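Enquirer:
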């Protein structure tokens, strides 16, 4: 009978302070880890969207270079384009090549008001 009372008294006590502290520590580490994962995923998806839009701006500009805005000589040009509700700045450099039938170009894209280019591409144009 006395053993049964001791078992019941142990059961009535509940968790010790150390067990509660360890459980709260594990819970807080888990919550912080999940929060950091969510934040990094949202930042990565935003960066991916920006790179995709910058690539599309570059592709649109290259299409213009090949059709309507063919360069007549080497040089630099700058301009702006709106895509995805944002102002994009493109910088274009046209170089002469060793082959007189081609120009080499480089197109760099960045958001208006920023210094860092998001996307850059190079290629060749027929004169």
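In the UniProt record's numbering, the protein residues as written are 1 to 127. Using N, Cα and C, we set each Cβ at its ideal position, and we do this for glycine too. These figures come from a predicted structure and were not determined experimentally.
Compute the Euclidean distance between the alpha carbons of residue 85 and residue 35, then round it to the nearest angstrom.
Expert: As a first step, residue 85 must be located in the chain shown, where it is residue number 85. As a first step, residue 35 must be located in the chain shown, where it is residue number 35. Computed Cα separation, rounded: 29 Å.
Enquirer: Confirm, please, whether the CB-CB distance from residue 104 to residue 95 is below 7 Å.
Expert: Position 95 of the chain shown holds residue 95. Position 104 of the chain shown holds residue 104. Yes; because the gap between Cβ atoms is below 7 Å, this pair is in contact.
Enquirer: Tell me residue 103's beta-bridge partners as DSSP assigns them.
Expert: Taking the chain shown and counting its residues from 1, the one referred to as residue 103 is at position 103. Paired residue(s): 96, 125.
Enquirer: Helix, strand or coil for residue 86, going by three-state DSSP, please let me know.
Expert: Your numbering for residue 86 matches position 86 in the chain shown. Residue state, collapsed to three classes: strand.
Enquirer: Once DSSP output is grouped into helix, strand and coil, what is the label at residue 51?
Expert: Numbered from its first residue, the chain shown carries residue 51 at position 51. The answer is helix: DSSP assigns residue 51 an H, G or I state.
Enquirer: Can you list, in chain order, the stretches of the beta strand (DSSP E) that have 3 or more residues and sit fully within the segment 22–46?
Expert: Those beta strand (DSSP E) runs which fall completely within the segment 22–46 and span 3+ residues do not exist here.
Enquirer: Could you give the C-beta distance for residue 70 and residue 89, rounded to a whole number, given that I count them as a contact under 8 Å?
Expert: Taking the first residue of the chain shown as 1, we reach residue 70 at position 70. Taking the first residue of the chain shown as 1, we reach residue 89 at position 89. The Cβ separation is near 21 Å, so there is no contact.
Enquirer: Could you tell me the alpha carbon to alpha carbon distance between residue 57 and residue 21, rounded to whole angstroms?
Expert: Start at 1 with the first residue of the chain shown, and residue 57 comes out as number 57. Start at 1 with the first residue of the chain shown, and residue 21 comes out as number 21. Going by the C-alpha atoms only, they are around 54 Å apart.
Enquirer: Just how far apart, CA to CA, sit residue 106 and residue 38?
Expert: Position 106 of the chain shown, counted from the first residue, corresponds to residue 106. Position 38 of the chain shown, counted from the first residue, corresponds to residue 38. Roughly 36 Å between the two C-alpha positions.
Enquirer: Drop a sphere of 10 angstroms on the beta-carbon of residue 54, count the other beta-carbons inside from all chains shown, and report buried for 16 or more, exposed for fewer.
Expert: Taking the first residue of the chain shown as position 1, residue 54 is located at position 54. Answer is buried; the Cβ neighbour count reaches 16.
Enquirer: Rounded to a whole number of angstroms, what is the C-alpha to C-alpha distance between residue 127 and residue 98?
Expert: Locating residue 127 in the chain shown gives position 127, where the first residue counts as 1. Locating residue 98 in the chain shown gives position 98, where the first residue counts as 1. Straight-line Cα distance between these residues: approximately 13 Å.
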